[in-house]
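This report refers to the structure that appears directly beneath it.
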Amino acid sequence: MEKLYEGKSKIVYSGEDPDTCIIRYKDTATAGNGAKKEDLPGKGKLNAEISNIIFEYLMQNGVKTHLLKIIDDTTVLVRRAEIVMVEVIVRNIAAGSFSKKYGVPEGTALKNTVVEFSYKSDELGDPMINDCQITAIGLATQKELDELRDSALRINELLVKLFAEAGIRLVDFKLEFGRSKGELLLCDEISPDSCRLWDMETNEKMDKDRFRRDLGNVLDGYRKVLSRIKV
Ligand code: UDP
198 MEKLYEGKSK IVYSGEDPDT CIIRYKDTAT AGNGAKKEDL PGKGKLNAEI
248 SNIIFEYLMQ NGVKTHLLKI IDDTTVLVRR AEIVMVEVIV RNIAAGSFSK
298 KYGVPEGTAL KNTVVEFSYK SDELGDPMIN DCQITAIGLA TQKELDELRD
348 SALRINELLV KLFAEAGIRL VDFKLEFGRS KGELLLCDEI SPDSCRLWDM
398 ETNEKMDKDR FRRDLGNVLD GYRKVLSRIK V
């Protein structure tokens, strides 16, 4: 298999069919744009399983995604797409960079759902970017941004419900999309690496903040998330 790209937590290979790619989840955990890096054996398998459950649930509810087939514990076959270089962040509760930037204590419920865009660039540290700036530098069209925002809000509704049924509060998360045959598809992963997930009763963190903030037992949190959403 030809390696197309190796990222911080996944490797992308070209599939046999040129319209496809094969993605393998790695055990590496990184934070602070790669400044903190560690191997967490088993993380790849956990994230793959969690993300696959979530993608299948979203697809059952009409969301178009790149997922074609689960190959094994850490590998999936996906539709090849041109990644939109804009990350879409959705927030229900203040946390992380939002709390820091706007001085809103972590855990504050937001009066409305916040959708933010950031420019997917490790070199620049993924800076926050608005519609006008995105269209000005040609990262996406306004029509695409409108679709990304609508899709992100729909995905949020579905995920809030899925996690609430599992006793988990969906604080915030990040989505990536790709263009394939004139359509926008949800790509990448949805896992405790890309979401903030808090226990509804205890507010215990079950996501990558355990790694970012050295809270310990990182994968215990991921395992709890998996066991609660698995039917
Ligand atoms: N996030 C992510 N990748 C990024 C940046 C953010 O998956 O490169 C996720 C992060 O896990 C959280 C949400 O997006 O669930 C919002 O992150 P925030 O902007 O608060 O940034 P952070 O605090 O992670 O720097």
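So the mapping is simple: our numbering equals the position in the sequence shown, first residue as 1, plus 197.
The beta-carbon is built from N, C-alpha and C at its ideal position, and this holds for glycine as well.
Residue i: CB within 8 Å of a non-hydrogen atom of the ligand UDP
{"i": "residue 295", "result": "yes"}
{"i": "residue 384", "result": "no"}
{"i": "residue 368", "result": "yes"}
{"i": "residue 405", "result": "yes"}
{"i": "residue 392", "result": "yes"}
{"i": "residue 247", "result": "no"}
{"i": "residue 409", "result": "yes"}
{"i": "residue 235", "result": "no"}
{"i": "residue 323", "result": "yes"}
{"i": "residue 371", "result": "yes"}
{"i": "residue 420", "result": "no"}
{"i": "residue 401", "result": "no"}
{"i": "residue 278", "result": "no"}
{"i": "residue 288", "result": "yes"}
{"i": "residue 440", "result": "In the structure as shown, the chain begins at 198 and stops at 428. Residue 440 is therefore absent and cannot be evaluated."}
Interface flag, residue i vs chain D, CB-CB below 9 Å
{"i": "residue 373", "result": "This model lacks chain D altogether; it includes just one protein chain."}
Nearest-angstrom Cα separation, counted from residue j out to residue i
{"i": "residue 327", "j": "residue 339", "result": "11 Å"}
{"i": "residue 230", "j": "residue 322", "result": "7 Å"}
{"i": "residue 222", "j": "residue 274", "result": "12 Å"}
{"i": "residue 337", "j": "residue 281", "result": "7 Å"}
{"i": "residue 422", "j": "residue 243", "result": "9 Å"}
{"i": "residue 279", "j": "residue 320", "result": "19 Å"}
{"i": "residue 396", "j": "residue 318", "result": "32 Å"}
{"i": "residue 267", "j": "residue 380", "result": "22 Å"}
{"i": "residue 341", "j": "residue 315", "result": "15 Å"}
{"i": "residue 383", "j": "residue 216", "result": "16 Å"}
{"i": "residue 277", "j": "residue 209", "result": "10 Å"}
{"i": "residue 214", "j": "residue 198", "result": "11 Å"}
{"i": "residue 313", "j": "residue 325", "result": "7 Å"}
{"i": "residue 412", "j": "residue 255", "result": "31 Å"}
{"i": "residue 271", "j": "residue 297", "result": "34 Å"}
{"i": "residue 400", "j": "residue 356", "result": "18 Å"}
{"i": "residue 353", "j": "residue 310", "result": "9 Å"}
{"i": "residue 365", "j": "residue 204", "result": "28 Å"}
{"i": "residue 363", "j": "residue 414", "result": "20 Å"}
{"i": "residue 237", "j": "residue 246", "result": "16 Å"}
{"i": "residue 252", "j": "residue 265", "result": "10 Å"}
Continuous alpha helix (DSSP H) stretch holding residue i: start and end
{"i": "residue 383", "result": "Element bounds for residue 383: not the alpha helix (DSSP H) but the beta strand (DSSP E), 380 to 384."}
{"i": "residue 424", "result": "415 to 426"}
{"i": "residue 332", "result": "328 to 333"}
{"i": "residue 387", "result": "Unbroken run through residue 387: none, as it is neither H nor E."}
{"i": "residue 336", "result": "Careful: residue 336 lies outside any alpha helix (DSSP H) and carries neither H nor E."}
{"i": "residue 406", "result": "406 to 409"}
Start-to-end residues for the beta strand (DSSP E) that takes in residue i
{"i": "residue 307", "result": "306 to 316"}
{"i": "residue 365", "result": "365 to 377"}
{"i": "residue 211", "result": "207 to 211"}
{"i": "residue 394", "result": "392 to 396"}
Any non-hydrogen atom of the ligand ATP closer than 8 Å to residue i Cβ
{"i": "residue 313", "result": "The ligand ATP is absent from the structure shown, which contains only the ligand UDP."}
With a cut-off of 8 Å, do at least 3 Cβ pairs link the region 248 to 260 to the region 341 to 359? In the pairwise beta carbon analysis, the region 248 to 260 is classified as touching the region 341 to 359: at least three pairs are separated by under 8 Å.
With contact counted as at least three CB pairs below 8 Å, one residue from each stretch, are the region 372 to 386 and the region 279 to 294 in contact? Yes, the region 372 to 386 touches the region 279 to 294.
Counting only runs that start and end within the region 253 to 298, where is the beta strand (DSSP E) found for 3 or more residues in a row? Here the runs fully enclosed are 264 to 269, 272 to 276, 283 to 290.
How about the region 404 to 418 and the region 302 to 315: do they share at least three Cβ pairs that are nearer than 8 Å? The region 404 to 418 is not in contact with the region 302 to 315.
What are the complete beta strand (DSSP E) segments, minimum 3 residues, inside the region 202 to 250? Those beta strand (DSSP E) runs which fall completely within the region 202 to 250 and span 3+ residues are 207 to 211, 217 to 222, 225 to 228, 233 to 236.
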